[in-house]
Structures are given as C-alpha cells and as structure tokens.
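Everything below concerns the one structure shown next.
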Amino acid sequence: QVRLVESGGGLVQAGGSLRLSCAASGSQFNTYCVRWLRQYPGKQRELVASITSGGSTYYADSVKGRFAISRDNAKSTVDLQMNSLEAEDTAVYYCAAQPRGSAYTYWGQGTQVTVSS
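Put into structure tokens, the structure is as follows:
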C-alpha cells in the first residue's frame with residue numbers, strides 16, 4: 058500500500074512561485090512513475106508534469122519553461138516547482154504514482170493552488 062501526501066499549496070500573486078511536494082510512504086518509490094495533475098472546477102484532471110523512475114520528464118505545453126518536476130528517491134518525494142504563476146494555474150493539484158509494471162495508480166488527496174491576478 059502506498060500513501061501520497063501533497064503539501065505546499067496556497068495563495069500567491071500572479072508572477073509568484075510555489076513549490077508543491079508529494080511525499081510517499083511504502084517501499085520501492087524509486088520504481089514509480091510520478092505525475093502531477095490539476096483539476097479545475099467541473100473539469101477532468103489534466104496532466105501537468107511527470108517524471109519516470111529513470112528521471113525522464115514531461116511537461117504540458119501550458120507549463121513548459123515555468124514548472125519543474127524533480128524527485129528525491131532517498132526522501133521518497135517528488136516536487137513541482139512552479140514559477141511565473143498565472144491566474145490560469147489556479148486549480149487543485151494532485152500527485153499520482155504508478156509502480157513500474159503495474160496498471161494501478163495511487164492518488165494523493167490534492168492541494169489547492171490559488172493565483173490572484
């Protein structure tokens with residue numbers, strides 16, 4: 058069983074920065090692909106960024122050049138550094154982890170990010 062806990066959300070002015078962190082319990086975290094997704098009210102969750110067990114990263118076009126995903130396997134954490142935040146980044150952000158070779162995805166509870174314009 059894997060438990061994911063997100064932290065770091067909050068209220069920030071446009072142009073500011075926030076750093077989200079996803080902390081995982083359980084073993085073999087280094088084998089997980091970890092994704093950050095966000096959800097607007099009434100919309101489906103959309104992929105923001107991901108990082109594989111090997112360190113390969115992916116970013117949605119809307120956040121390229123502004124967001125950076127990183128992982129620390131020793132601490133079992135994956136962070137999302139968010140810079141130059143825009144009002145359109147306001148959403149609930151979720152961390153999701155998928156063990157290698159598994160079709161199952163573990164989810165965190167989500168953290169609210171609000172960017173004031």
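Heads up: the sequence shown begins at 58 in my numbering, then just goes up one per residue. Beta carbons: idealized from backbone N, C-alpha and C, even for Gly.
About 13 Å separates the CB atoms of L61 and C90; that is not less than 8 Å, and the two are not in contact.
Within a 10 Å sphere around the beta-carbon of A131 sit fewer than 16 other beta-carbons, which makes this residue exposed.
The residue from G167, G165, A153 with its alpha-carbon nearest to that of T109 is A153.
Looking at the backbone, the Cα of T168 and that of Y151 are separated by about 7 Å. Per DSSP, G112 lies in no beta strand (DSSP E) segment and is marked neither H nor E. The beta carbons of S173 and Q70 sit closer together than 9 Å. Taking all protein chains in view, the Cβ of T147 is crowded by 16 or more other Cβ atoms within 10 Å, so the residue is classified as buried.
Scanning its chain for C-beta atoms nearer than 7 Å, with the 5 sequence neighbours on each side dropped, one finds around F86 the residues N130, S133, in chain order.
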